[in-house]
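In the working numbering, the protein residues as written are 1 to 741. Even glycine gets a Cβ: it sits at the ideal position worked out from N, Cα and C. If you're wondering where the values come from, they're calculated on a predicted model, not measured in any experiment. What follows is a short report on a single structure.
Quick look at the structure:
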């Protein structure tokens, strides 16, 4: 593969397929395995793609980096460091290790995996659009699925979840599409479990959709996804523009494809899948009768009678008698325009890895296999892929670049490292990355395609993806303001650009005073009655989140200190309402429920930071004392804290069998934000954290850290560096850099 100006040409899947036949080795288990010394991570302005080198010349030209080796689970060769005795010793060792993982643009990369329903949409899209899949991809995707297969033979909604029809049917299908034999023992075991659960007819809505696209199910099994809903006037309470952005952008291409009833023509493999995925002969299945069939394992959010009534009316009245061809054309034309707008506004990256493959398929259906849009999608879909020691997976977005970089800057400053010349080059590169990633312009036809204001914002990942997120913008602005105030650092982001960020933030408040994620809440929570996804909760509209609200309050407070006259009355009113929301969101036991991390530990850290910003502490606030008691009541014998993902599902604190480094750091930060007076619980907790640190400065990955929509967990591997560094630094600042080990 040629390289130009020091950057590897990315090309498309077809180009890669030409050179994908060698350098394959056998693993100890007998699986095929690629040569991991040939994988390389390319980061172009934050856009991350993995590439497999075929020749020794390529390997010599493009050496493997420490970051490549680390992410692939290989030996990094980094040296052992002096054993830490004090908090700052430990934080310094951690930053020493983590600094080697910084990529040339200034950001940090990581796996953002966990969900097990993402790869199937991608692989099915590749298959039905006849996109060549490079052999190394096939091998490593299969390896990942085998590595994450449960003992019972199945897969769940996420890597720690119990086996379900959704996970098992879809990942079984992926293995078969990528060449696994139906008689391979692990495939046989998966099929056996699937049949015990009633077969693929008991899958949730999204599974039935993808299997209908593949031509393995008939479209009658899919509950209606009518594009005509997009023609509803904006004032209608259920109009799609009011929906949560992820639901909106998934429903959009899904409705276009559903309206077309597009299916891949049957071939030998899909005919085999028709027999393998069900418990009775395909020809005998009444697919229409299984629209609402679902396994109890998948039915996290059961459909209510209202939605079932609506679906019955759409199937039996609307579709056969009232849905005119003229109306269908109008609806499909409008949804197609909105799909094109999403592609244009994200440079084909799309909001996430669910609508990305769906948009690809829409372009393929509408414009043909050789269209520019299809070629661009094929390239950008690779930005969702990630390679690790277990194989190749699909990330939950195209990365967490801006989010993690902002937090790392803040942690380094908290630990006092920003004034150390050793770390200045690293932090300047991080600042340069945030400067480059601030979004500088609005979307074209912003209001027509229902997009939130974004000029001045930071996205979760990259400006290419281009979606405003309230806490990402806030944490980015905080990191910039903090670092640019340190003597000797350049002022890369001007006052005007920081003002743009504040302007965006001030658009993000809900009527409750709390802040949502991508945009203010636009619809009623009663919309959850129409939640058809079944596997997720709280998916239909935006909600208030203590985490997002805290980030916004922190950014506004910091901004006001530097720019006291800028929109001061609006900022003051916003903060007052936001902090009041934080107070009201506290539960009687002193806790807050977290929606983006696991769970009460995560939300409590943010909430206490909010209260600290307005002067509430353990000494003067009863609610802060209650929060501290909640934390201390859940401290484990070894000094740490640990929750399982079940906390997110049940809404009640669920103790993990082992304390977790990340959650322990969150709890320590929370107690220090609260100014809890007794340092002994903190000493015990930090002793545990330091005791688990390895001799080279790293911590090993433990349980999964993140969550979305209550039921699906997702990984934040960089948290195990960022938050311990911050907690250790905060302790040293507040209680002294005393000997703990």
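Quiz item: For residue 713, does the three-state DSSP call read helix, strand or coil?
Solution: strand
Quiz item: Do the segment 69-78 and the segment 100-120 touch if we need at least three Cβ pairs shorter than 8 Å?
Solution: yes
Quiz item: Is it true that the CB of residue 465 sits closer than 8 Å to the CB of residue 610?
Solution: no
Quiz prompt | Segment contact flag, the segment 481-489 with the segment 183-202, C-beta cutoff 8 Å, min 3 pairs | solution = no
Practice problem: Along the alpha helix (DSSP H) that carries residue 278, what are the first and last residues, could you check? | Solution: Run containing residue 278: none; DSSP gives neither H nor E here.
Quiz item: Based on Cα-Cα distance, which residue from 426, 599, 306, 507 lies nearest to residue 528?
Solution: 306
Quiz item: My guess is that residue 364 and residue 354 are in contact by the Cβ rule of under 8 Å, so how many angstroms apart are they, rounded?
Solution: The Cβ separation is near 17 Å, so there is no contact.
Quiz item: Who pairs with residue 394 in a beta bridge, going by DSSP?
Solution: 385
Quiz item: Which first and last residues belong to the alpha helix (DSSP H) in which residue 123 is found?
Solution: 118-128
Quiz item: Would DSSP call residue 16 helix, strand or coil?
Solution: Confidence in residue 16 is poor, its pLDDT being 37 and thus under 50, which makes the residue's placement unreliable; the coordinate value appears in the next sentence. Here residue 16 sits in helix by DSSP.
Practice problem: Please report how far the alpha carbon of residue 219 lies from the alpha carbon of residue 319, in whole angstroms. | Solution: 13 Å
Quiz item: Considering residue 659, what are the terminal residues of the beta strand (DSSP E) in which it resides?
Solution: 655-660
Quiz item: Residue range of the alpha helix (DSSP H) that residue 256 falls in?
Solution: 245-260
Quiz item: So, using beta-carbon positions, are residue 605 and residue 670 closer together than 8 Å?
Solution: yes
Exercise. Name the one or two DSSP bridge partners that residue 707 has.
Key: 713
Quiz item: Whose C-alpha, out of 623, 586, 156, 658, is nearest the C-alpha of residue 640?
Solution: 658
Practice problem: Examine the Cβ distances between the segment 276-288 and the segment 510-529 and report whether three or more of them are shorter than 8 Å. | Solution: no
Quiz item: Whose C-beta lies closer than 7 Å to the C-beta of residue 276 among residues of the same chain, with five residues either side of it excluded?
Solution: 182, 191
Quiz item: What is the rounded straight-line gap between the Cα of residue 170 and the Cα of residue 560?
Solution: 50 Å
Quiz item: Counting pairs of beta carbons, one from the segment 552-569 and one from the segment 258-272, are three or more of them closer than 8 Å?
Solution: no
Quiz prompt | Given residue 216 as reference, the closest of 269, 602, 698 once Cα atoms are compared | solution = 269
Self-check item: DSSP bridge partner residues for residue 242 (one or two, in chain order)
Solution: Answer is none; residue 242 lacks a bridge partner.
Quiz prompt | Span separating the alpha-carbon of residue 11 from that of residue 500 | solution = Caution applies to residue 11, whose pLDDT of 36 falls short of 50 and renders its modelled position unreliable; the value that the coordinates give is listed next. Their backbone Cα atoms lie some 36 Å apart in a straight line.
Quiz item: Apart from the five residues just before and just after residue 631, which ones in its own chain have a Cβ nearer than 7 Å to its Cβ?
Solution: 604, 667, 670, 671
Quiz item: If you check the beta carbons only, do residue 139 and residue 32 fall under 8 Å apart?
Solution: yes
Quiz item: In or out: residue 724 buried (at least 16 other Cβ within 10 Å) or exposed?
Solution: buried
Quiz item: Which of the three DSSP states, helix, strand or coil, is assigned to residue 47?
Solution: strand
Practice problem: State the beta-bridge partners of residue 357 as determined by DSSP. | Solution: DSSP lists no partner for residue 357.
Exercise. Under 8 Å Cβ to Cβ from residue 341, same chain only, skipping five residues before and after it: list those, please.
Key: 443, 444, 445, 448, 449
Practice problem: Tell me whether residue 642 sits in a helix, a strand or coil according to DSSP, three-state version. | Solution: strand
Quiz prompt | For residue 298 and residue 227, believed in contact at Cβ under 8 Å, the rounded distance | solution = Between residue 298 and residue 227 the Cβ distance is about 26 Å, and since that is not below 8 Å, they are no contact.
Practice problem: Kindly list the residues whose CB is nearer than 7 Å to the CB of residue 617, restricted to its own chain and excluding five residues on each side of it in sequence; keep chain order. | Solution: 624, 674, 675
Practice problem: Measure from the alpha carbon of residue 727 to the alpha carbon of each residue in 230, 702, 681, then state which is nearest. | Solution: 681
Quiz item: Which two residues bound the contiguous alpha helix (DSSP H) that contains residue 92?
Solution: 87-99
Self-check item: Pair within 8 Å by beta-carbon distance, residue 106 and residue 405
Solution: yes
Practice problem: Quick one: residues in its chain with C-beta nearer than 7 Å to the C-beta of residue 418, no 5 flanking neighbours on either side, listed in chain order? | Solution: 412, 427, 483, 486
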